[in-house]
Amino acid sequence: MTAALLRQTPLPDPFRTGIAGGWKVIDASALKADLTLETDIAIVGTGAGGGTAAEILSAAGLSVVMIEEGPLATSSDFHMLEREAYPQLYQESAARKTRDKAINILQGRCVGGGTTVNWTSSFRTPSTTLAHWSREFGIAGFTETDLAPWFERVERRLNITQWQVAPNENNDALRRGAQALGIPVATIRRNVKGCWNIGYCGVGCPTNAKQSMLVTAIPEALSNGATLLTRTRAWTLDHSGGHVTALNCVGLDAHGTDPGPRRIVVRAKTFIAAGGAIGTPALLLRSAAPDPAAIVGRRTFLHPTVVSAALMPHSVDGYAGAPQTVYSDHFLDSLPVDGPIGYKLEAPPLHPVLVATTLCGDGAAHARWMRELPRMQVLIALMRDGFHAQSEGGTVSLQGDRTPSLDYPLNDYFWDGARRALATMAEIQFAAGATTVMPVHVSGESYANWSQARSAIAALPLKPLATPVVSAHVMGGCPLGSDPMRAAADLDGRYHHLDNLYVFDGSLFPTSIGANPQLSIYGIVARLASALAQRLVPTRMALHD
Amino acid sequence: MPDSTTSPRISRRTLLKAGIAGGAALLLARWLYTSTTASQSTPPPSGALDGHARAIVGAIAPVMLAGALPAGDPVLLQELVAGVEQAIAGLPLAVRKEVGQLFALLSFSPTRVLIAGVWSPWHEAAPASIGAFLDRWRDSRLALLRSAYGALHQLVFAAWYGNPHAWPAIGYAGPPSLEVG
Chain W
747 MTAALLRQTP LPDPFRTGIA GGWKVIDASA LKADLTLETD IAIVGTGAGG GTAAEILSAA
807 GLSVVMIEEG PLATSSDFHM LEREAYPQLY QESAARKTRD KAINILQGRC VGGGTTVNWT
867 SSFRTPSTTL AHWSREFGIA GFTETDLAPW FERVERRLNI TQWQVAPNEN NDALRRGAQA
927 LGIPVATIRR NVKGCWNIGY CGVGCPTNAK QSMLVTAIPE ALSNGATLLT RTRAWTLDHS
987 GGHVTALNCV GLDAHGTDPG PRRIVVRAKT FIAAGGAIGT PALLLRSAAP DPAAIVGRRT
1047 FLHPTVVSAA LMPHSVDGYA GAPQTVYSDH FLDSLPVDGP IGYKLEAPPL HPVLVATTLC
1107 GDGAAHARWM RELPRMQVLI ALMRDGFHAQ SEGGTVSLQG DRTPSLDYPL NDYFWDGARR
1167 ALATMAEIQF AAGATTVMPV HVSGESYANW SQARSAIAAL PLKPLATPVV SAHVMGGCPL
1227 GSDPMRAAAD LDGRYHHLDN LYVFDGSLFP TSIGANPQLS IYGIVARLAS ALAQRLVPTR
1287 MALHD
Chain X
3 MPDSTTSPRI SRRTLLKAGI AGGAALLLAR WLYTSTTASQ STPPPSGALD GHARAIVGAI
63 APVMLAGALP AGDPVLLQEL VAGVEQAIAG LPLAVRKEVG QLFALLSFSP TRVLIAGVWS
123 PWHEAAPASI GAFLDRWRDS RLALLRSAYG ALHQLVFAAW YGNPHAWPAI GYAGPPSLEV
183 G
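Those protein sequence lines, which keep their order, are chains W and X. Under my numbering, think of the first position of the first sequence as 747, with each following residue one higher. Under my numbering, think of the first position of the second sequence as 3, with each following residue one higher.
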């Protein structure tokens, strides 16, 4: 590696400044002794849910301890290099897999969680999704109107606004191709402020333009006196008589993967599980939390995603520029929500490792495609899972070492959607001017025109581990609902069977969202955490008015 | 222009034979691996590949990366093997154990012959024979073998294309400079 690549940027790093100013941040891998902390609120996880909750509850005057399994990495550490960022910032080096290895899951594991590494796409929870929750799961009070003020609040907080800059060519090809076919597209809103449009959101924003939890809510919570524990794995909750008394944590080793020698106990009045839709169910399962209807960890959703690669006659440079700015919901909106699986169309960033590990095959054929990286254009189709009897999602369970594993079988209902999506994407890519389209599949076949692609895709033998399926959105497993026989948490987010445990993350969702979920988590958790603050410190909140 | 004429054509009969033999051998290898490692009280240090595993990566990677990794450059190959080790080091213990099982299976001669179909030791194996092994696993009817191919694929391609030396050939200039002024 050259020195130039490793250089420190001269840009400001407010997080490091904050630590120098006295923020309480403890790296458990460096602890010399075990630790016990007492606090009003213990929050497991610092992603969209945990970060939002930490800001709101600390602002209400409550003492807060945040527990994060990953390391603290800030803008000075973000060198825009995949080989540094994936091991540092992602679960399992960005290679987390479902049990049969058929789905690769991109999930954050660092301070800020997924918000530190996501591609900034911000969508309110679609009204069709909320209507389905109301109709099928009896979830009251979560209509578009009920949630609108909360979305408005977090959109202001995180500067979620329409992206005004022209899309990069990878996204513009989606716009152009879809419009040529009469398929409506729209511009994605992004949580950025002063974005340099360089395109490295997925490996940690080096300029602090992305308004992730790392640069917004967590600094605010720390300024309010909260404590942040890093490289600290929340392991079990002690509970008796329907009440949680303590959270037992394991300090990880300096490498951040294995348990180290230190144990940390956090005693709190209120506990919040926000470790994401794999981590939260795993914590509850390890803790033997009462779960009479065996709900925890079931119905876990992924927006399983298939990929189509194309070559354009001109340069695309899909590694440069805001990664996701154009989308189409046509294949969600034009289908009944509980019918055949629908999909959202987007374009992904095209960095070398991400592309090389996603393209199938090896040897000369793979090398030829990689040499075309500058002309490569890629579309992805994210399946809206969880809305149909044949789309029950996956199940989180514990392995022998009590770490979680997600079993997510891919069935014919899914593959039907995958086949339609591969055809849609190929047609759009040809309409945008592609000279070659390759549905990403182990056969590695590529096609020179739409009619050729259409008949080939119709006959493509789609199956696990032959058709790459990826996911960047893990949801469900501790669903919201008033009926304890059907839901894990009540409509306040409180776990039905433990009176001081709240679930404040994407595991609350009874289905997938049908859109990139970060704004859904921010908005819903902002509401639940504000209500919790109101109940815990009513006088203080009243004084603020 | 990319094409896929290199895709092998394996007869159904060969596949069936490989499937049955493969299934049996895999069970054998698992049993052997479990019985020889069960007594170990501590797992291997994170990421450290033993000499056998390094030899396997050193043999497989140039074939997987034919046309990408410059042939006959021992330094680049060394960097690649180190990159694979680094990638493995970032995985949780349970996954590192699975990767360890995979390399144990590939380095144990009977299973190397039976399941991988590679007759010579890895450092002597002809690229064509390694290529045929990779094709068989990639196109196997057994999901387990396809997943093993997937693991090798992900490790090798991540290690190579994460390396700045790989970038000039693919027209990627690397990250932009953020120097101000």
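In this text, a Cβ means the ideal position worked out from N, Cα and C, and glycines have one as well.
Using the beta-carbon of each residue, which ones in chain X are nearer than 7 Å to residue i?
i, result
"W:Ile944", "Pro178"
"W:Gln1175", "Here the premise fails: no neighbours, minimum Cβ distance about 14 Å."
"W:Leu1152", "Those within 7 Å of W:Leu1152 in chain X number zero; the least Cβ separation is about 13 Å."
"W:Tyr1065", "Tyr174"
"W:Leu1211", "Ala145, Arg148, Ser149 and Gly152"
"W:Gln1145", "Ala96"
"W:Val1099", "Ala160, Tyr163 and Gly164"
Pick from the options: whose alpha carbon is nearest that of residue i?
i, options, result
"W:Gln1248", "W:Asp1236, W:Thr1170 and W:Phe1255", "The residue you asked about is not Gln; residue 1248 of chain W is Tyr in the sequence shown. The candidate whose alpha carbon is nearest that of W:Tyr1248 is W:Asp1236."
"X:Val65", "W:Gly1109, W:Ile802 and W:Thr866", "W:Gly1109"
"W:Leu781", "W:Leu818, W:Ile1010 and W:Leu827", "W:Ile1010"
"W:Gly796", "W:Glu966, W:Ala924, W:Val1124 and W:Ala877", "W:Glu966"
"W:Val1188", "W:Ala1172, W:Arg1121, W:Leu1206 and W:Arg1117", "W:Leu1206"
"W:Gly1139", "W:Arg1281, W:Thr1046 and W:Ala819", "W:Thr1046"
"W:Pro1036", "W:Thr976, W:Cys1224 and W:Ser809", "W:Cys1224"
"W:Trp909", "W:Ala932, W:Ala1034 and W:Ala877", "W:Ala932"
"W:Val900", "W:Ala1279, W:Ile1267 and W:Ala1180", "W:Ile1267"
"W:Ala794", "W:Val1283, W:Leu1254, W:Leu1278 and W:Gln1280", "W:Leu1254"
"W:Ala1177", "W:Thr792, W:Ala919 and W:Ile813", "W:Ala919"
"W:Ala1127", "W:Pro1155, W:Ser880, W:Pro1038 and W:Pro1094", "W:Pro1094"
"W:Ala1111", "X:Ala63, X:Pro166, X:Ala68 and X:Tyr151", "X:Ala68"
Give the interface partners of residue i over in chain X, defined as CB-CB distance under 8 Å, in chain order.
i, result
"W:Asp846", "Ala145 and Ser149"
"W:Thr1003", "Ser48, Ala91, Gly92, Leu93, Pro94 and Leu95"
"W:Met1171", "Per Cβ cutoff of 8 Å: no residues; W:Met1171 is ~17 Å from chain X at best."
Would you say residue i faces chain W, with C-beta separation under 9 Å as the test?
i, result
"X:Ile172", "yes"
"X:Thr39", "Summary for X:Thr39: the model assigns pLDDT 45, below 50, so the residue's position carries little reliability; its value from the coordinates is reported in the next sentence. With 9 Å as the cut-off, X:Thr39 does not count as an interface residue toward chain W."
"X:Pro94", "yes"
"X:Trp124", "no"
"X:Val120", "no"
"X:Ala68", "yes"
"X:Ala128", "no"
"X:Asp75", "no"
"X:Leu17", "Any reading at X:Leu17 is ruled out, since the residue's pLDDT is 47, under 50, leaving its predicted position unreliable."
"X:Tyr35", "Unreliable placement is indicated for X:Tyr35, whose pLDDT of 48 sits below 50; no coordinate value is reported for it."
Opposite residue i in the DSSP bridges: which residues?
i, result
"W:Met1122", "W:Leu1057"
"W:Arg1281", "Its beta-bridge partners do not exist; DSSP assigns none."
"W:Asn994", "W:Thr982 and W:Val1011"
"W:His989", "W:Ser986"
"W:Leu1128", "W:Thr1051 and W:Lys1090"
"W:Glu838", "According to DSSP, which records beta bridges pairwise, W:Glu838 is partnered with nothing at all."
"W:Met1221", "W:Phe1047"
"W:Ala1019", "W:Val790 and W:Val1249"
Since I believe residue j is in contact with residue i (beta carbons under 8 Å), could you give me their beta-carbon distance rounded to a whole number of angstroms?
i, j, result
"W:Ala1261", "W:Phe869", "4 Å"
"X:Tyr174", "W:Tyr946", "13 Å between Cβ atoms; not a contact."
"X:Ala55", "X:Ser109", "7 Å"
"W:Glu739", "W:Ala963", "Because chain W here runs from 747 to 1291, residue 739 of chain W falls outside it and cannot be looked at."
"W:Val1101", "W:Leu1119", "6 Å"
"W:His985", "W:Ser1033", "7 Å"
"W:Val1216", "W:Ala1055", "With a Cβ gap of about 13 Å, W:Val1216 and W:Ala1055 do not count as contacting."
Got a sec: is the Cβ-Cβ distance from residue i to anything in chain X below 9 Å?
i, result
"W:Leu1119", "yes"
"W:Glu838", "yes"
"W:Met826", "yes"
"W:Val1052", "no"
"W:Gly859", "no"
"W:Pro1007", "no"
"W:Asn1157", "no"
"W:Arg829", "yes"
Mind listing the chain X neighbours of residue i? Cutoff is C-beta to C-beta under 9 Å, in chain order.
i, result
"W:Pro952", "Pro177 and Leu180"
"W:Thr1149", "Pro94, Leu95 and Ala96"
Residue i versus chain W: which residues are under 7 Å apart at the beta carbon?
i, result
"X:Phe159", "Ala1102 and Thr1103"
"X:Gln156", "Ala841 and Thr1103"
Since residue i meets chain W, which of its residues come closer than 9 Å, beta carbon to beta carbon?
i, result
"X:Val65", "Asp1108 and Gly1109"
"X:Gly133", "Asp1108 and Gly1109"
"X:Leu136", "Asp1108 and Gly1109"
Residue i touches chain W at which residues, Cβ-Cβ below 8 Å?
i, result
"X:Arg114", "The premise fails here: X:Arg114 is roughly 19 Å from chain W at the closest Cβ pair, so nothing lies under 8 Å."
"X:Trp139", "Those within 8 Å of X:Trp139 in chain W number zero; the least Cβ separation is about 10 Å."
"X:Ala168", "Pro1098"
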